[in-house]
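Residues 13 to 259, numbered by the numbering used here, are exactly what the sequence shown covers, in order. One structure below.
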Amino acid sequence: MRKLEFLPKEDIEWIIPKEALIAVSILDDFSTKRFLEVGVLNAAWSLNLLRNTDSHGVGIDPYPNLSQMRERTLIKLERHIYVFLENFENLSNFDFFDLIHIDGEHTFEAVYKDLTYSEKHLSNRGVIVIDDVWHSSFPGVAAAFFSWLINSDFAPFLVTGSKIYVTLKSNHSYWYRHFEENFTRYPEFPWMRYYGEGKSLAYISKPDIGSYTTLLSPDKFIPQNLSSLLPIWPTQPFLGDVFQSRD
Ligand SMILES: C[S@@+](CC[C@H](N)C(=O)[O-])C[C@H]1O[C@@H](n2cnc3c(N)ncnc32)[C@H](O)[C@@H]1O
């Protein structure tokens, strides 16, 4: 059974274990395993994938007034196959990614631009993840995301406490089922098909956007306190089963 590499303590502030597992589960489903992170900072999200999958990544980050942070991050990444770029314009038209994480500048304009570029560089069955989409300090992220989504060919299949996961509508049922199946088998994973599932409710409000429903895995962003996955992270009894490649 394959085990994931331990998530270093200093990275837990930046990536909650649940999101780390979800990202690996998605990338593991591709033979190509190419990913892009927009907004790298200390590269917690990228490093989780580089350590735990046979992947290669690209990071886009201009590091405004953050040159020391850039140097420190470059050192952490030097053992891996990873390319650093300043902006999307530096990508070639032939660069495609299976998983794209958007966590750069948190304004309406920047997120909208990141999404329009990302959809052009996404592989066939690929997934785009938008971070901080529910963050009350950055309403521009939600505004940009929904403005883009409504006119796009994309649909969300998974909502977590801090992120939303989208794919082309034609892949929606594939990814919805992928996580429905895998979450069902692991009680550590907090998830539901709709708010209040399993309780008797007067009525159900389906989590649908434009006729596509999404799985829910809500939590508060205090990973050290709230992630039920953290205590079992070093042994990760479930990962070998969850992350079976389908390619
Ligand atoms: C919240 S941090 C990213 C954290 C990172 N994703 C992680 O998991 O550790 C935001 C990053 O966005 C970068 N940033 C700022 N403006 C940007 C832009 N226009 N495009 C891409 N990244 C940008 C900042 O330099 C900063 O490193």
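Using N, Cα and C, we set each Cβ at its ideal position, and we do this for glycine too.
Going by the CB atoms, is the gap between Ile-140 and Asn-99 shorter than 8 Å?
-> Here the question's residue 99 lines up with position 87 in the sequence shown. Here the question's residue 140 lines up with position 128 in the sequence shown. Using a Cβ distance threshold of 8 Å, Asn-99 and Ile-140 do not count as a contacting pair.
By Cβ distance, which residues of its chain are closer than 7 Å to Pro-74, with the 5 residues on each side in sequence left out?
-> Counting from 1 along the sequence shown, the entry for residue 74 is found at position 62. Taking C-beta separations shorter than 7 Å and ignoring five residues to either side along the sequence, the partners of Pro-74 in its chain run Glu-98 and Asn-99, following chain order.
How would you write the range of the beta strand (DSSP E) that Ile-112 sits in, first residue to last?
-> Taking the first residue of the sequence shown as 1, we reach residue 112 at position 100. Unbroken beta strand (DSSP E) run through Ile-112: 109–114.
From the DSSP output, in three-state form, read off Val-145 for me.
-> Taking the sequence shown and counting its residues from 1, the one referred to as residue 145 is at position 133. Of the three classes helix, strand and coil, the one that applies to Val-145 here is coil, per DSSP.
Within the same chain, show all residues whose beta-carbon is closer than 6 Å to that of Tyr-224, passing over the 5 residues directly before and after it, in chain order.
-> Working through the sequence shown from its first residue, we reach residue 224 at position 212. Excluding residues within five positions, the ones whose Cβ falls inside 6 Å are Ala-167 and His-184.
Bridge-paired residues (DSSP) for Tyr-94 = For the purposes of this step, residue 94 is identified with residue 82 of the sequence shown, where counting begins at 1. Secondary-structure assignment with DSSP links Tyr-94 through a beta bridge to Gly-69.
Going by DSSP, name the residue or residues bridged to Phe-120.
-> Here residue 120 is taken as the residue at index 108 of the sequence shown, counted from 1. DSSP lists no bridge partner for Phe-120.
Thinking C-alpha only, which one of Phe-120, Ser-217, Thr-226 and Glu-192 is nearest Ser-149?
-> The sequence position of residue 149 within the sequence shown is 137, counting from 1. With distances taken between Cα atoms, Ser-149 lies closest to Phe-120.
Taking Pro-230 and Thr-172 to be in contact with their CB atoms under 8 Å, please state how far apart those CB atoms are, rounded to whole angstroms.
-> The count along the sequence shown starts at 1 and reaches residue 230 at position 218. The count along the sequence shown starts at 1 and reaches residue 172 at position 160. So it is a contact: roughly 7 Å between Cβ atoms.
Alpha carbon to alpha carbon, how far is Pro-199 from Leu-238? Give it in angstroms, no decimals.
-> As a position in the sequence shown, residue 238 is number 226, starting the count at 1. As a position in the sequence shown, residue 199 is number 187, starting the count at 1. Because the pLDDT at Leu-238 is just 48, under 50, the model does not fix this residue reliably, and the value given afterwards should be weighed accordingly. Rounded to whole angstroms, the separation of the alpha carbons of Pro-199 and Leu-238 is 15 Å.
Closer than 7 Å: Trp-26 CB and nearest ligand 1 heavy atom | For the purposes of this step, residue 26 is taken as the residue at position 14 of the sequence shown. In this structure, the C-beta of Trp-26 approaches ligand 1 to less than 7 Å from one of its heavy atoms.
Going by DSSP, what residues sit across from Asp-220 in a beta bridge?
-> Position 208 of the sequence shown, counted from the first residue, corresponds to residue 220. Thr-225, per the DSSP bridge assignment.
Is it the case that the CB of Val-141 approaches a heavy atom of ligand 1 more closely than 7 Å?
-> Translated into positions along the sequence shown, residue 141 becomes position 129. Relative to ligand 1, even the nearest heavy atom lies 7 Å or more away from the CB of Val-141.
Rounded to a whole number of angstroms, what is the C-alpha to C-alpha distance between Val-153 and Thr-128?
-> Looking up residue 153 in the sequence shown gives position 141. Looking up residue 128 in the sequence shown gives position 116. Linking Val-153 to Thr-128 through their CA atoms gives a straight-line distance of about 14 Å.
Just grab the DSSP bridge partners of Phe-191 for me.
-> Residue numbering aside, residue 191 sits at position 179 when the sequence shown is read from its first letter. Bridge partners of Phe-191: none, in fact.
Within the present structure, is the beta-carbon of Gly-51 separated from the nearest heavy atom of ligand 1 by less than 7 Å?
-> For this step, residue 51 is matched to residue 39 along the sequence shown. Yes.
Proximity test, Asn-54 beta-carbon vs ligand 1 heavy atom, cut-off 7 Å | The residue you call residue 54 lines up with position 42 of the sequence shown. Yes; taking the cut-off as 7 Å, the Cβ of Asn-54 has a heavy atom of ligand 1 nearer than that.
Between the C-alpha atoms of Gln-80 and Val-52, what's the straight-line distance to the nearest angstrom?
-> Within the sequence shown, residue 80 is the residue found at index 68, counting from 1. Within the sequence shown, residue 52 is the residue found at index 40, counting from 1. When rounded, the distance between both Cα atoms is 13 Å.
Bridge-paired residues (DSSP) for Pro-168 | Here residue 168 refers to the residue found at position 156 when the sequence shown is read from its first residue. For Pro-168, which the question treats as bridged, DSSP gives the partners Val-178.
At a cut of 8 Å, does the region 110–117 reach the region 130–145 through at least three beta carbon pairs?
-> In short, these stretches touch, since the Cβ pair count reaches three.
Could you tell me whether any non-hydrogen atom of ligand 1 is closer than 7 Å to the CB of Ile-34?
-> The residue labelled residue 34 in the question sits at position 22 within the sequence shown. Not under cutoff, so the answer is no.
In chain order, each beta strand (DSSP E) run of at least 3 residues that lies wholly inside the region 27–77 = Assignment of beta strand (DSSP E) within the region 27–77, counting only whole runs of 3 or more residues, yields 46–50 and 68–72 in chain order.
Starting from Trp-160 and walking both ways along the alpha helix (DSSP H), at which residues does that stretch end?
-> What you label residue 160 is simply residue 148 of the sequence shown in a count that begins at 1. Residue range 151–162 is occupied by the alpha helix (DSSP H) that includes Trp-160.
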